[in-house]
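For the protein sequence lines, the chains are A and B, in the order given. The opening position of the first sequence corresponds to residue 5 in the numbering used here, with each subsequent residue numbered one higher. The opening position of the second sequence corresponds to residue 5 in the numbering used here, with each subsequent residue numbered one higher. Don't be surprised by glycine CBs; every beta carbon is placed ideally from N, CA and C. These numbers were taken from a predicted model, which means no experiment stands behind them. In what follows, a structure is listed as structure tokens, so that the remarks can point back to it.
2 protein chains.
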Amino acid sequence: MSSSLSPVLKKSLSIQLGLPMDRLEEFLCICVFEKLGKNQLVYPGKRCFDRLYFIVDGAVRTFYYTDMGEEISYLLQVNGDFFGDYESFITGQKSRFTIQVMVDSEFFYFTKSSLLTLVNREAFWLGFKSRIADLAFLDAKERINELLFYNPEKRYLNLLTKNPEIVQKIPQKYLSSYLGITPQSLSRIRKRLAAGAD
Amino acid sequence: MSSSLSPVLKKSLSIQLGLPMDRLEEFLCICVFEKLGKNQLVYPGKRCFDRLYFIVDGAVRTFYYTDMGEEISYLLQVNGDFFGDYESFITGQKSRFTIQVMVDSEFFYFTKSSLLTLVNREAFWLGFKSRIADLAFLDAKERINELLFYNPEKRYLNLLTKNPEIVQKIPQKYLSSYLGITPQSLSRIRKRLAAGAD
DNA sequence: CTGACTAATTAACAATGGTTAACGCGGTAT
DNA sequence: ATACCGCGTTAACCATTGTTAATTAGTCAG
Chain A
5 MSSSLSPVLK KSLSIQLGLP MDRLEEFLCI CVFEKLGKNQ LVYPGKRCFD RLYFIVDGAV
65 RTFYYTDMGE EISYLLQVNG DFFGDYESFI TGQKSRFTIQ VMVDSEFFYF TKSSLLTLVN
125 REAFWLGFKS RIADLAFLDA KERINELLFY NPEKRYLNLL TKNPEIVQKI PQKYLSSYLG
185 ITPQSLSRIR KRLAAGAD
Chain B
5 MSSSLSPVLK KSLSIQLGLP MDRLEEFLCI CVFEKLGKNQ LVYPGKRCFD RLYFIVDGAV
65 RTFYYTDMGE EISYLLQVNG DFFGDYESFI TGQKSRFTIQ VMVDSEFFYF TKSSLLTLVN
125 REAFWLGFKS RIADLAFLDA KERINELLFY NPEKRYLNLL TKNPEIVQKI PQKYLSSYLG
185 ITPQSLSRIR KRLAAGAD
């Protein structure tokens with residue numbers, strides 16, 4: 005699918021993934037482009053999540069159901085983010101997550117088996133695989149910091165500054181779940197902030 | 005340092021790291037054994053944390069200082085855990101963390117450069133490096149779940165059941181920081197639980 | 001346009017955590 | 001012994017969140 009991405013996007017992917025352009029092209033050859041409409045589910049079904057997605061343009065929500073059938077929004081992501089269940093991707097176990105497309109979106113994805121094909125072909129790709137793991141780790145760590153060191157109000161403010169797009173694109177009930185609070189609390193926080201910003 | 009570990013420990017390391025015994029021996033050749041006493045700092049100084057440690061026996065606390073000079077306990081770990089600043093290890097940037105030995109402890113560690121030596125010698129070790137990244141990710145993800153889905157009381161209970169050793173070995177002020185609450189709150193939670201357990 | 005459904009807000013009350021301050025306990029140094 | 005210090009606990013008060021329920025706003029299909 006190498007041809008469907010803009011040169012600008014390729015350049016930034018090259019940096020993000022730590023791949024020189026020729027390697028990036030090689031990588032994109034194993035990738036599959038996909039368009040999904042709002043509210044569609046990415047790779048639905050309770051099975052192993054054997055692929056990783058990149059958001060060319062759009063927004064997704066990764067969630068799962070608690071024992072009581074309640075939805076918990078684990079991640080919210082927009083343009084330029086990778087998503088998928090990396091744990092399931094690594095371990096090969098069934099994923100508990102469902103991923104929902106929040107606005108009409110464009111993605112590409114690659115499967116574990118196609119990545120392993122690259123790895124088997126040339127040791128170079130093992131280093132790339134390792135980098136993917138590192139990126140997933142760094143994301144996860146940032147999320148820990150966020151949850152551990154900031155209260156809900158600060159978390160909301162951080163989201164507003166770091167990712168205003170998400171606040172625009174994603175309904176509040178999902179935002180609140182992502183922030184680890186109830187919709188009512190988010191509503192109150194927004195009211196407080198609006199009052200304080202006179 | 006291959007000879008200093010018990011066969012039992014080697015066996016469990018072999019599983020944990022996904023290395024057959026002969027490869028494990030090879031790996032242990034790049035490792036350095038180290039004993040540190042209570043309250044000593046592991047690899048002190050504000051520089052890049054270019055090594056990863058394994059706790060043979062003991063307990064450590066990973067913390068850092070906020071802008072206001074307040075200590076925040078990021079991680080508490082005991083026997084069988086790996087620690088270090090994996091982010092610094094990956095990126096080569098200076099670490100913000102300090103790691104304190106909580107009880108007299110025995111570790112071994114390996115440096116990034118010695119790991120890269122293995123990787124350069126044989127492509128096999130690239131897969132191992134990747135596995136380390138995966139393990140770091142899975143740990144981080146578990147911590148996110150913990151913080152996102154459970155309130156402080158439940159987090160304390162989880163710690164009690166999953167890691168009673170930590171609750172024994174680590175002073176409460178660090179436990180509370182790890183749980184993301186104040187020492188007073190932890191004290192109240194313990195009181196609530198003691199009252200409820202009649 | 002209307003009705004029906006969902007989302008967001010608001011209110012009232014309870015539960016919980018943060019803050020500040022005081023107290024007691026167990027070490028340690030003098 | 002005593003004075004001190006760090007630690008854990010407790011208390012009182014305040015701020016924030018959760019819970020439940022009602023209301024309002026918004027969306028979509030017909």
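Status (buried if at least 16 other CB within 10 Å, exposed otherwise) for residue i
| i | result |
| --- | --- |
| A:Q81 | buried |
| B:R65 | buried |
| A:S109 | buried |
| A:G41 | exposed |
| A:M25 | exposed |
| A:C33 | exposed |
| B:G96 | exposed |
| B:S180 | buried |
| B:G73 | exposed |
| A:L120 | exposed |
| B:V46 | buried |
| B:V123 | buried |
| A:D202 | With a pLDDT of 49 at A:D202, under the threshold of 50, the predicted position of this residue should be treated as unreliable, though the coordinate-derived value follows. Result: exposed. |
Residue-level contact to chain B via CB, residue i, 8 Å cutoff
| i | result |
| --- | --- |
| A:F101 | no |
| A:G41 | no |
| A:I193 | no |
| A:D202 | The pLDDT assigned to A:D202 is 49, lower than 50, so where the model puts this residue is not dependable; a value taken from the coordinates is nonetheless given after this. No, its Cβ sits nowhere closer than 8 Å to a Cβ of chain B. |
| A:L163 | no |
| A:G22 | no |
| A:A144 | yes |
| A:L122 | no |
| A:D138 | yes |
| A:G184 | yes |
| A:L80 | no |
| A:F141 | yes |
| A:A127 | yes |
Contact with chain A by residue i, beta-carbon distance below 8 Å
| i | result |
| --- | --- |
| B:R147 | yes |
| B:F112 | no |
| B:I94 | yes |
| B:K133 | yes |
| B:Y90 | yes |
| B:D108 | no |
| B:L151 | yes |
| B:I76 | yes |
| B:F58 | no |
| B:L130 | yes |
Sub-8 Å separation of residue i and residue j beta-carbons
| i | j | result |
| --- | --- | --- |
| B:Y90 | B:L56 | yes |
| A:S118 | B:L130 | no |
| B:I59 | B:Y68 | no |
| B:Y113 | B:E38 | yes |
| A:I103 | A:F87 | yes |
| A:K166 | A:K98 | no |
| A:V107 | A:K173 | yes |
| A:L183 | A:L190 | yes |
| B:F132 | B:K116 | no |
| B:D138 | A:A199 | no |
| B:L163 | A:L151 | no |
| A:S4 | A:L9 | Chain A is shown from 5 up to 202; residue 4 of chain A falls before or after that span and cannot be answered. |
| B:R125 | A:I148 | no |
| A:K145 | B:A144 | yes |
| B:A4 | A:A127 | It is not possible to answer for residue 4 of chain B, since the shown part of chain B is limited to 5 through 202. |
Cβ separation of residue i and residue j, assumed to be a contact under 8 Å, to the nearest whole Å
| i | j | result |
| --- | --- | --- |
| B:F53 | B:F101 | 7 Å |
| B:Y160 | B:I193 | 6 Å |
| A:F141 | B:A140 | 5 Å |
| A:Q44 | A:V105 | 5 Å |
> Counting only runs that start and end within the segment 152-177 of chain A, where is the alpha helix (DSSP H) found for 4 or more residues in a row?
Replying inline: 156-166 and 168-173
>> Quick check on the DSSP output: what are the complete beta strand (DSSP E) runs of length 3 or more inside the segment 91-149 of chain A, in order along the chain?
In response: 102-115
> Where in the segment 17-80 of chain B do unbroken runs of the beta strand (DSSP E), each at least 3 residues long, occur, reported from the N-terminal end onward?
Replying inline: 36-40 and 55-69
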